[in-house]
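Colleague: I have a structure I would like to understand better, so I am pasting it below and will then ask my questions one at a time.
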């Protein structure tokens, strides 16, 4: 196993790639009772067109398959539901689907970890889809889609994506639509399962008080033999280097308008992305963070109640900056954000402010290592982006004010901005 | 035992939790007072005004800058109902000195700032700054109006409000808009001065902390200046016996939504302390896990709901059943829920169900020490109920619950209120 140590935060990570292609990452953490395992496949809602490695057949799948598959994985041939089995062991089990991956996990605070691992590795390797159980699931997922339809924050996000992207599937609901899931059947599910749930497309991360070598053996013992599979070719719609539209508004049951500013960025370059991500976090804090003059003014005028939520989201297929919040005057926020951006681009970043925010972000990165669940999820999500999570700490010092100013000019472009608002009815 | 507490003065207690599981230290101050219609809005407003400035750092911007320089120490405050008490909570989290790139004593700086925010606020002309109070009144108004934004939470809050009409627990923790007009910088400051003199104060420190931390707190000038007090708050002991209801209160309200939210407020007609363990197990079998009757029979088998579960409000002897359903399925869902309650009464559950429930509770209680905030909350709730049960003892009590005791609880469950949020 390859061992990488971060001396700054005093943690180690063990990396292993098995012959069948499965990536395993183990982060041992002494003094903690909790153990966390997460097994993910690099298959998310945006992977809706691909070529089957075995037959070279091109497959188009309905929107929402990755998420549907996640729901159905728990059902076993013997009639049991693996989620129930894990819960009965006192394990906190769950699964989720994102734009670029699907993950199955549990957290354990007792001595039942290996019993849980038996079940987890068993159900992820043994799908059971029938016409009947697939039909039944459509009702449950239909309810879930409807529940999200009522969620203003969710709608706000999707509308922002619709502003930024012309065709990229990141603009679609991860769960699909009530219409699109009607076309899902066992055949589609098996095709996707057999392609994307191959070890070579998966990563398993464990964090907790373990001897890594022993744990590795335990994982290997539970893996079923599988034929090697070639690379999966994924086909994505060509995305134009412009936004789809600048604005999108909707009316829903909210008390105060909510808004989101999105800035579309170029596709990420793996070698540069961590450094860029750090720089963008610093810039966002400097623009609208708690100690920024913009936030102070908007708070004092009653136009912002709380610090906006800022994020830089990216996978191999998209990347964008997001600034979202709640305000009775969203137009004003958008205008002030743009003028502040123009001012900072002209004047450059303030040295003292830059260093202060760097300290703040360093503290946040250290805090990320507080919980086993956070560590494991972070390593998994980063691994699908080709990133080793420790790099955020290791590359931290290399982010200079000059570099951040360069990123500010490269990424924060007014012609790449979209603005979505949800207003009260 | 990694927990110790010390009564500093009457009404003021320091709690120290020593743990090496985290990269951070967490410091907290809780002010506990009785839930009361006359003070509920003032308390909520006060928590917000205090974070605006201190004697040394007069503006929020200055506080933020100081915290950013302390490697992003994060301050948070909130207001909560715990039983019939209203609690003002102030937290400060910062990375442990061991993980700083250079040697500094961050924990002392943290305590100073936290104490200043709560006990040495920014004052102008013998009152809070007008601008701060007026600004926070506007913000609080938006927060109160915002309670409709999260539909599931709103339905739950409304059910509690109806169940505890004209009782302290029915109050909304952020207070009421109509109170705001009558509060100004002077009256709020006067209220604050009285509150600080009389309120119950609990100071928590958690982390891999040096032993000196206790003396650092005791010798802190602000803390030394606090006077002993006989705090007025409700000890969360046994509740009064709940009255029998003949017919549950049924309430339905409309909003523009696509998914209905159905909440059932249940009374547990048993106020004995020792019954709480059996009630916990009862709740998990009924609706507290993926194996529960609610999840299995209402969500899975009947495909009637996306979400279906229940939660146990220990301090008030209530269980709340919460479902997200298709609106036309209301009658069907309600029928099915009542059937689950009946099954519980008939003892229609297995030893395996009991074991599973016990395992789930033990595992969740056992992991309290894995989060600094949960550990603080656990010891604080003990402090408020004036008892001490270690986590191990708690788990032992859960594991000794038997079927008879659960059925006994099931027979003492009554539906108090049915609340439905529809389109």
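Chains as they are written, first to last, in my numbering: chain A, 126 to 550; chain B, 27 to 449. Ideal Cβ positions, reconstructed from N, Cα and C, are used throughout, including at glycine.
(1) From residue 509(A) to residue 226(A), what does the alpha carbon distance come to, in whole angstroms?
(2) Apply the 10 Å Cβ neighbour rule to residue 468(A) and answer buried if 16 or more other Cβ atoms are within range, or exposed otherwise.
(3) Does the segment 258 to 266 of chain A come within contact of the segment 223 to 240 of chain A, defined as at least 3 CB pairs closer than 8 Å?
(4) Based on the DSSP secondary-structure assignment, which residues constitute the bridge partners of residue 165(A)?
(5) Please report how far the alpha carbon of residue 477(A) lies from the alpha carbon of residue 99(B), in whole angstroms.
(6) Span of the beta strand (DSSP E) holding residue 39(B)?
(7) For residue 396(B), which residues of its own chain have a beta-carbon under 7 Å away from its beta-carbon, when the five flanking residues on both sides are left out?
(8) Between which residues of its own chain and residue 166(B) is the CB-CB distance below 8 Å, once the five residues before and five after are set aside?
(9) When you check each C-beta in the segment 374 to 389 of chain B against every C-beta of chain A, which residues fall closer than 7 Å?
(10) Going straight from the alpha carbon of residue 222(B) to that of residue 62(B), what length do you get?
(11) Count the other CB atoms within 10 Å of the CB of residue 253(B); is the residue buried (16 or more) or exposed (fewer)?
(12) Is residue 440(A) close to the ligand FMN? I mean its beta-carbon at under 7 Å from any heavy atom of the ligand.
(13) Is the shortest distance between the beta-carbon of residue 48(B) and the beta-carbons of chain A less than 8 Å?
(14) Check each candidate in 191(A), 157(A), 233(A) and name the one with the smallest Cα separation from residue 309(A).
(15) Drop a sphere of 10 angstroms on the beta-carbon of residue 324(A), count the other beta-carbons inside from all chains shown, and report buried for 16 or more, exposed for fewer.
(16) Nearest by alpha-carbon distance to residue 287(A): which of 549(A), 542(A), 488(A) is it?
(17) Count the other CB atoms within 10 Å of the CB of residue 185(A); is the residue buried (16 or more) or exposed (fewer)?
(18) Figure out for me which residue from 178(B), 260(B), 81(B) has the closest Cα to the Cα of residue 112(B).
(19) Is the distance from the Cβ of residue 439(A) to the Cβ of residue 386(A) below 8 Å?
(20) Can the beta-carbon of residue 410(B) be found closer than 8 Å to that of residue 108(B)?
(21) Which same chain residues, not among the five before or five after residue 379(A), have their C-beta less than 7 Å away from its C-beta?
(22) Thinking residue 307(B) and residue 424(B) are a contact (beta carbons under 8 Å), I'd like their distance in whole angstroms, please.
(23) Alpha carbons only, please: which of 460(A), 396(A), 346(A) is nearest the one belonging to residue 512(A)?
(24) Applying the 10 Å Cβ sphere with the 16-neighbour rule, what's the burial state of residue 414(B)?
(25) Between residue 150(B) and chain A, is the shortest Cβ-Cβ distance under 8 Å, so that the two count as touching?
(26) Once the 5 residues before and after residue 529(A) are set aside, which same chain residues still bring their CB inside 8 Å of it?
(27) Mind listing the chain A neighbours of residue 230(B)? Cutoff is C-beta to C-beta under 7 Å, in chain order.
(28) Short of 7 Å Cβ to Cβ, which residues in the segment 147 to 167 of chain A face chain B?
(29) Looking at the C-beta of residue 332(B), does it have a partner C-beta in chain A at a distance below 8 Å?
(30) For residue 300(A), count neighbouring Cβ atoms within 10 angstroms of its own Cβ and tell me buried if that reaches 16, exposed if not.
(31) With 8 Å as the threshold, decide whether the Cβ of residue 168(B) is near any Cβ in chain A.
(32) Count the CB pairs spanning the segment 147 to 158 of chain A and the segment 494 to 505 of chain A that are closer than 8 Å, and state whether there are at least three.
(33) Is the beta carbon of residue 243(A) less than 8 Å from the beta carbon of residue 359(A)?
(34) Count the other CB atoms, across all protein chains shown, that sit within 10 Å of the CB of residue 213(A); report buried if there are 16 or more and exposed otherwise.
(35) Is DSSP giving residue 374(A) helix, strand or coil here?
(36) Kindly indicate which three-state DSSP category residue 267(B) falls into: helix, strand or coil?
Modeller: Reading it off the structure:
(1) 8 Å
(2) exposed
(3) no
(4) 228(A), 328(A)
(5) 18 Å
(6) 38 to 44
(7) 47
(8) 67, 70, 71, 74, 200, 201, 206
(9) 382, 385, 386, 388, 389
(10) 17 Å
(11) exposed
(12) This structure lacks the ligand FMN; in fact it carries no ligand of any kind.
(13) yes
(14) 191(A)
(15) buried
(16) 542(A)
(17) exposed
(18) 260(B)
(19) no
(20) yes
(21) 277, 547, 549
(22) 7 Å
(23) 396(A)
(24) exposed
(25) no
(26) 404, 407, 408, 474, 479
(27) Result: empty, since nearest Cβ-Cβ is about 17 Å, beyond 7 Å.
(28) 156, 157, 158, 159
(29) yes
(30) buried
(31) yes
(32) yes
(33) no
(34) buried
(35) strand
(36) coil
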